[in-house]
Each structure stands twice: as structure tokens, then as C-alpha cells.
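Taking it in order: structure first as C-alpha cells, then the write-up.
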Amino acid sequence: MISYSGPALESSGQADLFTIYMVKQGDTLAKIAGDYGISLNTLLWANNLTGLSVIQPGQELKILPVDGVLYTVKKGDNLSAIAKKYKSEVEAIIEFNDLPATGEIRAGDVLLLPGAEMPQVIVKTAPKPGNKAAGSAVKQSLKELWEEVNRFFIVPVSGIITQLKHGQNGVDVGNSCETPVFVAADGIVTVVQEVSPQAKNTRSRSLFGGYGNNVRISHSNGTLTLYSHLFSGSILVQPGQEVRQGQQIAQVGGGWDRRNVRMIGAGRSTGCHLHFETRGPWGVKNVLSQYRRGALVTTPAAVVAIDSSATGAGDNLPDDNSSEN
151 MISYSGPALE SSGQADLFTI YMVKQGDTLA KIAGDYGISL NTLLWANNLT GLSVIQPGQE
211 LKILPVDGVL YTVKKGDNLS AIAKKYKSEV EAIIEFNDLP ATGEIRAGDV LLLPGAEMPQ
271 VIVKTAPKPG NKAAGSAVKQ SLKELWEEVN RFFIVPVSGI ITQLKHGQNG VDVGNSCETP
331 VFVAADGIVT VVQEVSPQAK NTRSRSLFGG YGNNVRISHS NGTLTLYSHL FSGSILVQPG
391 QEVRQGQQIA QVGGGWDRRN VRMIGAGRST GCHLHFETRG PWGVKNVLSQ YRRGALVTTP
451 AAVVAIDSSA TGAGDNLPDD NSSEN
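All the letters of the sequence shown, read from the start, carry residue numbers 151 to 475 under our numbering.
Below you can see the structure in the form of C-alpha cells.
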């Protein structure tokens, strides 16, 4: 039998595979996954959720005892092929599912694949010649995806897109230093890193991993947003604080002071800008990634002036043109 150290769960009738958790007020996907010692992706995969899914009190979730994937055997499947496709081990699957030593399985069996990962699905955006319907379907699905992203997140700052995706799903928006920065979605502040003016190396490029002064916020859909290169002394929140979408949390920093030296707490930055990341399970979208480099973006939280000279501000890193992480 497999024991739990987390909160009490209701038995599913398949206790060796998963148990059922009833969502409570204030729960987030990240919190639930952490309480039971499993990865966020494991929780999402087991419940057919995505990085943008929102859970509600009373909703039932499957909780796996270990990281992995639940898999329903199909006709023609064999254990070796399943293990290879989902990056698991045949021996581990046999042990966790109490299968015969031969690994015999039948169509309809539900297996727990320990340590497994869901295969990444690559969507081709270009239709095959003569297949216009397929192209329309892809465009429609991408349109619906961005609509879902925009229902959950808002643009956190007004300015000009100066650098496309780089780092951990980050996008840079340039504007004047001290431009207000707002919360992209309701959440809980998890990290605040702001250097004291009296500290050593306050102008170091590597300060707080290069992010400089920064705030990190977790959200109910299992994502985390990071706001970095913030103006020293402007951060208005603290860890554990609940924040609302559109609430001001800081000001843009990352520039140079009157002596032409890097501002305190700027980190790795070439000028006044916000580096904004959206972290989460594979495929999560950054609300700013839908715009082109040089595009003018405005936050619905406030109308502010945009400094057109900030078009070169950023982290001085190459854009990442690979798929979303």
C-alpha cells in the first residue's frame, strides 16, 4: 500500500492508482500538488487540465501517489512500447500496478506509469496543399487559446515590446523608469527580492540571478508570474500577501542614474524596462508573447505615457524562437 503525508483524501476505489481530493476555498493547483509531494504537471495530466485551467471549490481532482501519468491501455498496446513512449520503466509499471511478471496487459486496463511524462504534441500551423479546412482549424484553435490567456491575464505594464521570448518564458517591455507595474492576475505573492541601498554589490549585473529587484506571484491556474528589474524602493507588496488583478505592485527600473551607472537593484539590464515571465507546465503562454517586437502595448489597469526612446531596453539576451516552455 502507498501512504500519504498530505491531507486526508477520499478513496477512489482504485487506491493504488489515485485518490480523490475535493477542492477547498483558497486552493491552487500548485498548492495542492505541493501538499501531496507531486509535480504540477502530474496533477494537470491526471485531471486533463492545462496551465490556464481554473479550479473551483467542490471540484474533485485525482491525486496520484507519485509523479507520473495515468494511462488507459488500448488494443494492440504492449508494456515496452508504452514505457518507451511515456519515458517510464517496464519494471516500475509492473510493480506499481501489481501486474504479472510477464507484463501482460489488456485493453481497458488503467495503469499508473511512475515517473512518466506526457509526450509533447507539436501542432503544425501550415496546412497541407489543398487542405484549407485544416489550416482554418489550427488558426481557430490558436485564436481560442489566446482568448483564454487574455481572459485570465492582463498586460502588466504599458510600453514597447523590446525583446521577445527569452529566459524562462520571459518578454521585455521598455518604458520610462518609475512607470507603474500591475498584477497580471489575482494571486498570492510568493517572493519579493529587493536589495537594500546599504548592501554590497547593489549594482551587480548578477543581483538575484540577474533579475535585480523582483516580485513573484502564484496564480490559481498553477502558473507563476515574475516581474523583474523593478525600481529600487518601489515594491508595494510582501510575501504571503493576496493581490488582485490590476493592483500596482511596483515601478519599472533597470536604467541608469545621473552618474551614468547602473541603478541600484537593476540586475542584468540595458535600460528601463520590465522583464515579465509566466512560468508553469509545458505549453503555458506569456500574455505578452502574442505581440511582435516593437509593438506598443497598454495595460487596462492604467493609462500612462509611453517613452518611445525605450525601444532598446532589455536584458541584452537573444530572443528564443523555440516553442513555449
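Even for Gly, the Cβ is constructed at its ideal location relative to N, Cα and C.
Measure the C-alpha to C-alpha separation of residue i and residue j and round it to an integer number of angstroms.
i    : j    : result
T192 : S238 : 13 Å
I255 : L249 : 8 Å
K212 : A257 : 22 Å
F358 : K174 : 34 Å
D336 : H316 : 24 Å
T169 : S308 : 45 Å
F381 : G404 : 7 Å
S189 : V411 : 42 Å
D407 : V434 : 36 Å
L167 : I243 : 11 Å
Y186 : V393 : 25 Å
R429 : Y361 : 15 Å
A499 : F302 : The structure shown does not extend to residue 499, since the chain is modelled only from 151 through 475, so no value can be given for it.
E210 : Q391 : 27 Å
K235 : L261 : 14 Å
Q206 : A445 : 36 Å
K225 : L214 : 25 Å
N228 : A251 : 13 Å
L374 : G184 : 14 Å
N476 : N351 : Past the edges of the chain, shown from 151 to 475, lies residue 476, and the structure says nothing about it.
E294 : N247 : 38 Å
T420 : P431 : 30 Å
I182 : N363 : 29 Å
S346 : L424 : 20 Å
G176 : G253 : 42 Å
V204 : M268 : 21 Å
G383 : V447 : 25 Å
Y171 : L199 : 15 Å
Q290 : G208 : Any reading at Q290 needs caution, since the residue's pLDDT is 47, under 50, leaving its predicted position unreliable; the model's value is listed next. Straight-line Cα distance between these residues: approximately 32 Å.
E245 : Q318 : 36 Å
Considering only the beta carbon of each residue, do residue i and residue j sit closer than 8 Å?
i    : j    : result
S368 : T329 : no
V387 : V365 : yes
D259 : V223 : yes
V437 : V331 : no
T304 : L263 : It is Ile, not Thr, that sits at residue 304 in the sequence shown. No, these two residues do not count as a Cβ contact at 8 Å.
I385 : I399 : yes
C422 : S354 : no
T178 : G320 : no
H379 : A349 : no
I310 : G324 : yes
Q395 : W296 : no
Going by DSSP, what residue range makes up the beta strand (DSSP E) through residue i?
i    : result
L374 : L374 to S378
Y400 : Reading off the sequence, residue 400 comes out as Ala, not Tyr. Note, A400: beta strand (DSSP E), Q398 to Q401.
T222 : G218 to T222
I310 : G309 to H316
V387 : Unbroken run through V387: none, as it is neither H nor E.
E210 : E210 to I213
S439 : Taken as a continuous stretch (DSSP letters only), S439 belongs to no beta strand (DSSP E), as it is neither H nor E.
M172 : T169 to M172
D322 : G320 to G324
T340 : G337 to Q343
R366 : N364 to S368
F332 : P330 to F332
V260 : V260 to P264
Could you give the C-beta distance for residue i and residue j, rounded to a whole number, given that I count them as a contact under 8 Å?
i    : j    : result
V219 : S230 : V219 to S230, Cβ: 16 Å. No contact.
L376 : E344 : L376 to E344, Cβ: 14 Å. No contact.
V333 : Q397 : 5 Å
Please classify residue i as buried or exposed, where buried requires at least 16 neighbouring CB atoms within 10 angstroms.
i    : result
S356 : exposed
R442 : exposed
Q313 : buried
D322 : buried
W195 : buried
R480 : Residue 480 cannot be examined here, being either before or after the span of the chain that is shown, 151 to 475.
P306 : buried
T449 : buried
A180 : buried
S370 : buried
Where do the ends of the alpha helix (DSSP H) carrying residue i lie?
i    : result
K181 : L179 to D185
T192 : L190 to A196
K234 : L229 to K235
I427 : Before going further, note that residue 427 is Glu rather than Ile in the sequence given. Where E427 is concerned, there is no enclosing alpha helix (DSSP H), although the beta strand (DSSP E) it sits in stretches over H423 to R429.
F246 : V240 to F246
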